[in-house]
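Colleague: Once you've had a glance at the structure underneath, I'll fire off some questions.
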Amino acid sequence: MSIITLLTDFGVNDPFVGVLHAVLHRECPSARVIDVTHAIPPQAVASAGFWLARVQPWFPAGTVHLAVVDPGVGTNRQAVVAEVDGHVYVGPHNGLFDSLFARASEVRLHLIDPTVPLASNTFHARDLFAPIAGRLASGALTPNQVGPCLPRPPNAPITQRRAGAGKVLWIDRFGNLITDIEEHELAAPCQGQVMVGGRAIQLGRTYADVAVGSLVALFGGFGTLEIAVRDGSAHQHLSLGVGTPVRVVSSVGR
Amino acid sequence: MSIITLLTDFGVNDPFVGVLHAVLHRECPSARVIDVTHAIPPQAVASAGFWLARVQPWFPAGTVHLAVVDPGVGTNRQAVVAEVDGHVYVGPHNGLFDSLFARASEVRLHLIDPTVPLASNTFHARDLFAPIAGRLASGALTPNQVGPCLPRPPNAPITQRRAGAGKVLWIDRFGNLITDIEEHELAAPCQGQVMVGGRAIQLGRTYADVAVGSLVALFGGFGTLEIAVRDGSAHQHLSLGVGTPVRVVSSVGR
Amino acid sequence: MSIITLLTDFGVNDPFVGVLHAVLHRECPSARVIDVTHAIPPQAVASAGFWLARVQPWFPAGTVHLAVVDPGVGTNRQAVVAEVDGHVYVGPHNGLFDSLFARASEVRLHLIDPTVPLASNTFHARDLFAPIAGRLASGALTPNQVGPCLPRPPNAPITQRRAGAGKVLWIDRFGNLITDIEEHELAAPCQGQVMVGGRAIQLGRTYADVAVGSLVALFGGFGTLEIAVRDGSAHQHLSLGVGTPVRVVSSVGR
Chain A
16 MSIITLLTDF
26 GVNDPFVGVL
36 HAVLHRECPS
46 ARVIDVTHAI
56 PPQAVASAGF
66 WLARVQPWFP
76 AGTVHLAVVD
86 PGVGTNRQAV
96 VAEVDGHVYV
106 GPHNGLFDSL
116 FARASEVRLH
126 LIDPTVPLAS
136 NTFHARDLFA
146 PIAGRLASGA
156 LTPNQVGPCL
166 PRPPNAPITQ
176 RRAGAGKVLW
186 IDRFGNLITD
196 IEEHELAAPC
206 QGQVMVGGRA
216 IQLGRTYADV
226 AVGSLVALFG
236 GFGTLEIAVR
246 DGSAHQHLSL
256 GVGTPVRVVS
266 SVGR
Chain B
16 MSIITLLTDF
26 GVNDPFVGVL
36 HAVLHRECPS
46 ARVIDVTHAI
56 PPQAVASAGF
66 WLARVQPWFP
76 AGTVHLAVVD
86 PGVGTNRQAV
96 VAEVDGHVYV
106 GPHNGLFDSL
116 FARASEVRLH
126 LIDPTVPLAS
136 NTFHARDLFA
146 PIAGRLASGA
156 LTPNQVGPCL
166 PRPPNAPITQ
176 RRAGAGKVLW
186 IDRFGNLITD
196 IEEHELAAPC
206 QGQVMVGGRA
216 IQLGRTYADV
226 AVGSLVALFG
236 GFGTLEIAVR
246 DGSAHQHLSL
256 GVGTPVRVVS
266 SVGR
Chain C
16 MSIITLLTDF
26 GVNDPFVGVL
36 HAVLHRECPS
46 ARVIDVTHAI
56 PPQAVASAGF
66 WLARVQPWFP
76 AGTVHLAVVD
86 PGVGTNRQAV
96 VAEVDGHVYV
106 GPHNGLFDSL
116 FARASEVRLH
126 LIDPTVPLAS
136 NTFHARDLFA
146 PIAGRLASGA
156 LTPNQVGPCL
166 PRPPNAPITQ
176 RRAGAGKVLW
186 IDRFGNLITD
196 IEEHELAAPC
206 QGQVMVGGRA
216 IQLGRTYADV
226 AVGSLVALFG
236 GFGTLEIAVR
246 DGSAHQHLSL
256 GVGTPVRVVS
266 SVGR
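So the protein lines, in turn, are chains A, B and C. This note's numbering numbers the first residue of the first sequence as 16 and each following residue consecutively. This note's numbering numbers the first residue of the second sequence as 16 and each following residue consecutively. This note's numbering numbers the first residue of the third sequence as 16 and each following residue consecutively.
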């Protein structure tokens, strides 16, 4: 049984995701379709890319990932199928997959034929990408049959920044500020302090390491640094949002 | 494998939808249950009807659609199973299916027995409609066995309005104002302007036809006119909501 | 085919729930996974417990319920598998299951080994609980194999309060104020008045028993008293929230 994941900026209030499920079921009735998230902020390609890379390890090789954050829908932007370390991605070629490509061993890109007539100019997730994702999952289509190969794009600047210096990329349901700073960037990930918004926050292991209502920084469930308030919201407490710079310093007073 | 769709005004925060899934699984373990939307505004029968008609083409004949927007739950309002062009609908007979009936070739209505004792007076989706939907999907029940036939209701006024004149029916996640004006109403759907809230907006093909932050009108993924702001929200930009009149005029200055 | 339910405070905007589905699918591909709710307010153990008890009757014996509201994640709080009247619960031992235990005939508690190394200190739903839930559903693991038995905890005070006197525990999508007062507490559940926020509200049978915009109290779909406004929101109308005391009196003026 194959898995198809969905990651979009469609939200769950409109019937858009339900119709994607209908198309995927039509093309591959036996697939298990898993909604990763539909709450990517509208047009936020970078946020989508962050989570695509972060959730990949939790899905088996062979998974087909349908990812659509597509402000250029209906224009001549390219659409691709990307084979990335045994996973298959389907979506627009607009930077959405750059985080994946940057950390992948093997990337093979296939251009989707832009001349196929479609039922709409604004819903390519349903009319272009979901039919291809479903056929890839069912085996009715292989990546090589999709279209000509494209060159692997150069790595995005994400890999060139200074170790321990990053920014807030996502605010989760608990108000935790999730950054792009990875544990392996630090020599001693359990020590030191985190500088954010003019404050120094102690590094800890889990939320309950500090008193209720206090700030703590820790490496969260997807391996990146996050700033939290125990049983509260760091987002509300600090009034900081996505894009805020964050820096880890190795000890107090340095 | 049969498909059961769900469309309600229940939201997804309460455990109501999860319990519907439990009942459907009990009655038809092999069915694929697809949530179309649960974000119909409370009691908004007309919005629900709009989407029921719009999503129908994306599901195969034989699909069982469980649709519940039911302000009269527990009263003597009628409950029905409706066969509409090969699809089967289950829900209250309160206008919810009028948009479907208005455009259907074949409609057969069956009255659900109102005397069956139920576990609640307020959750007929779970106690009345889901068991019937599940049995229709499994084949344990046929529409004819549900109850006596009712006459097809007269068409709603939706079909009698002037071509190209409609209103905003839905605001989607992107702030697009989705109307009930259909492409086939217009002689030249790619030309002309859209009048809304005292403004004239150019008709286009897709969102990126205009500059970032600019207004555009286009025919969206479900075939009706929508008003959008590229990479922004027409809803916020225009401060217009559901019910706003919209009119297409064939050329500037007319 | 086994059922696994999910009830958490994770929301549906983050990719957390999608990754839980991935882990459950890995451990038990044939299971039907049903999301009961992910909208428990952060850390609201009591709200979660209320719904766990309320939805249980709608799932068959043998269902595995994964429930995670876990403010002490990563500390030495205990983690358990609980067998409750034929259902199996997996989650933290922090009071989450107290409502279930209080009304159960049979409870058997098994301590999950706290020394197993985990991939994170903050996402035990994914790293600890979901793998166990999946293996329990597949039959690869039995509750007895999980770990040593713990004593059944003493009943929570919920069962000792005065009949007909309770509080608001949940506000649903319609703005209905759902309480913990059960129908069987009252000698005559269809008569009398409900006192809340200094008002007396007539008991009714369903929402449409009163005029549009009027208040009504009734026993809702899960058997507890709720306060509603017909086609409106009691929450907005009364400006009352979770925790508000509610009392049923048997007749006017008493």
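Note that beta-carbon positions come from the ideal geometry of N, C-alpha and C, so glycine has one too.
Please classify B/Ile55: does DSSP put it in a helix, a strand, or coil?
Modeller: Note: B/Ile55 maps to coil in three-state DSSP.
Colleague: Do B/Ala223 and B/Gln208 have their CB atoms nearer than 9 angstroms?
Modeller: Cβ atoms of B/Ala223 and B/Gln208: not closer than 9 angstroms.
Colleague: Would you kindly work out how many angstroms separate the C-alpha atoms of B/Gln58 and B/His40, rounded to a whole number?
Modeller: Straight-line Cα distance between these residues: approximately 26 angstroms.
Colleague: In angstroms with no decimal places, state the Cα-to-Cα distance between B/Ile18 and A/Asp142.
Modeller: When rounded, the distance between both Cα atoms is 20 angstroms.
Colleague: So C/Asp195 is in the beta strand (DSSP E); what residue range does that whole segment cover?
Modeller: Note, C/Asp195: beta strand (DSSP E), Leu192 to Glu197.
Colleague: At a CB-CB cut-off below 8 angstroms, which residues of chain A make contact with B/Ala223?
Modeller: Those within 8 angstroms of B/Ala223 in chain A are Pro86, Gly87, Val88, Gly89 and Thr90.
Colleague: Going along the segment 133-160 of chain B in order, which residues come within less than 7 angstroms of chain C, judged by CB to CB distance?
Modeller: Flagged, chain order: Ser135, Asn136, Thr137, Phe138 and Arg141.
Colleague: Give the straight-line distance between the Cα atoms of B/Glu42 and B/Ala152, rounded to the nearest whole angstrom.
Modeller: C-alpha separation (whole angstroms): 8 angstroms.
Colleague: Rounded to a whole number of angstroms, what is the C-alpha to C-alpha distance between B/Asp187 and C/Val161?
Modeller: Cα to Cα, B/Asp187 sits roughly 47 angstroms from C/Val161.
Colleague: Pick helix, strand or coil for A/Gly106, following the three-state DSSP scheme.
Modeller: Residue state, collapsed to three classes: strand.
Colleague: Do C/Leu192 and C/Ala243 count as a contact pair if the criterion is CB distance below 9 angstroms?
Modeller: Contact: yes.
Colleague: Can you name the residues of chain B whose CB is closer than 7 angstroms to the CB of A/Phe25?
Modeller: Those are Arg188, listed as they occur along chain B.
Colleague: Count the other C-beta atoms from every protein chain shown that fall within 10 angstroms of the C-beta of B/Glu2, then say buried if there are 16 or more, exposed otherwise.
Modeller: Here chain B comprises residues numbered 16 to 269, so residue 2 of chain B is not present and cannot be evaluated.
Colleague: Report yes if the C-beta distance between C/Asn170 and C/Phe234 is below 9 angstroms; otherwise report no.
Modeller: For C/Asn170 and C/Phe234, no; Cβs fall outside 9 angstroms.
Colleague: Taking DSSP's pairing of strands, which residues face B/Cys164 in a bridge?
Modeller: B/His125.
Colleague: Return the CA-CA distance between B/Ala119 and B/Val84, expressed in angstroms with no decimal places.
Modeller: The alpha-carbon atoms of B/Ala119 and B/Val84 are separated by roughly 21 angstroms.
Colleague: Report yes or no: do the segment 77-94 of chain B and the segment 54-68 of chain B share at least 3 C-beta pairs separated by less than 8 angstroms?
Modeller: Contact holds: three or more Cβ-Cβ distances are below 8 angstroms.
Colleague: When you compare each of A/Thr90, A/Asp100, A/Val99 and A/Gly101 to A/Pro107 by their alpha carbons, which one comes out closest?
Modeller: Cα-wise, what sits closest to A/Pro107 is A/Thr90.
Colleague: If we define contact as Cβ-Cβ less than 9 angstroms, is B/Asn170 a contact residue for chain C?
Modeller: No, because no Cβ of chain C sits closer than 9 angstroms to the Cβ of B/Asn170.
Colleague: Give a yes or no on whether 9 angstroms exceeds the smallest Cβ distance from C/Gly162 to chain B.
Modeller: No, no contact with chain B.
Colleague: Please report the straight-line C-alpha distance between B/Gly26 and C/Glu241, rounded to a whole angstrom.
Modeller: Using only the alpha carbons, I get a separation of about 18 angstroms.
Colleague: Taking the alpha-carbon of A/Ala68 as reference, which of A/Ala203, A/Arg245 and A/Leu111 has the nearest alpha-carbon?
Modeller: Checked all of A/Ala203, A/Arg245 and A/Leu111; the closest Cα to A/Ala68 is A/Leu111.
Colleague: Can you give me the Cβ contacts of A/Gly256 inside the same chain, cut-off strictly under 8 angstroms, excluding the 5 residues immediately before and after it?
Modeller: Excluding sequence neighbours, A/Gly256 sits near Val183, Ile186 and His250.
Colleague: To the nearest whole angstrom, what separates the beta carbons of C/Glu197 and C/Gly238, a pair I think is in contact under 8 angstroms?
Modeller: 6 angstroms between Cβ atoms; contact.
Colleague: I need the DSSP call for B/Arg177, collapsed to helix, strand or coil.
Modeller: It is coil, neither helix nor strand.
Colleague: Along chain C, in chain order, which residues have C-beta atoms closer than 7 angstroms to that of B/Asn28?
Modeller: Neighbours of B/Asn28 on chain C, chain order: Thr52, Ala54 and Arg188.
Colleague: Tell me, please, whether the CB atom of C/Arg269 is closer than 9 angstroms to any CB atom in chain A?
Modeller: Note on C/Arg269: pLDDT 37, under 50, position unreliable in the model; no value is reported.
Colleague: Less than 8 angstroms between the CB atoms is what I'm expecting for B/Ala145 and B/Leu22, so what's the real figure, rounded?
Modeller: Incorrect: roughly 13 angstroms between the Cβ atoms, too far for contact.
Colleague: For a contact defined as C-beta to C-beta under 7 angstroms, what are the partners of B/Arg177 on chain C?
Modeller: Within chain C, no residue comes near B/Arg177; the closest Cβ sits about 31 angstroms away, beyond 7 angstroms.
Colleague: On the premise that B/His80 lies in contact with B/Thr137, defined as a C-beta separation below 8 angstroms, what is that separation, rounded to the nearest angstrom?
Modeller: B/Thr137 to B/His80, Cβ: 22 angstroms. No contact.
Colleague: What does a CB cutoff of less than 7 angstroms around A/Val38 pick up in its chain, not counting 5 residues either side in sequence?
Modeller: The residues are Arg141, Ala145, Pro146 and Gly149.
Colleague: Among C/Asp50, C/Asp29 and C/Met16, which one has its Cα closest to the Cα of B/Val32?
Modeller: For the residues C/Asp50, C/Asp29 and C/Met16, the minimum Cα distance to B/Val32 belongs to C/Asp50.
Colleague: Name the DSSP beta bridge partners of B/Trp185, please?
Modeller: B/Ile193, per the DSSP bridge assignment.
Colleague: Once you ignore the five residues that flank B/Ala215 on each side, which residues in its own chain have a CB closer than 6 angstroms to its CB?
Modeller: Contacts found: Gln208.
Colleague: Assuming B/Ala94 and B/Tyr104 make a contact with CB atoms under 8 angstroms, what is their CB distance in whole Å?
Modeller: Going by Cβ atoms, the distance from B/Ala94 to B/Tyr104 rounds to 11 angstroms, so no, they are not a contact pair.
Colleague: By the 10 Å Cβ neighbour count, where 16 or more other Cβ atoms means buried, how is A/Arg10 classified, buried or exposed?
Modeller: Only positions 16 to 269 of chain A appear in the structure, and residue 10 of chain A is not among them; the question remains open.
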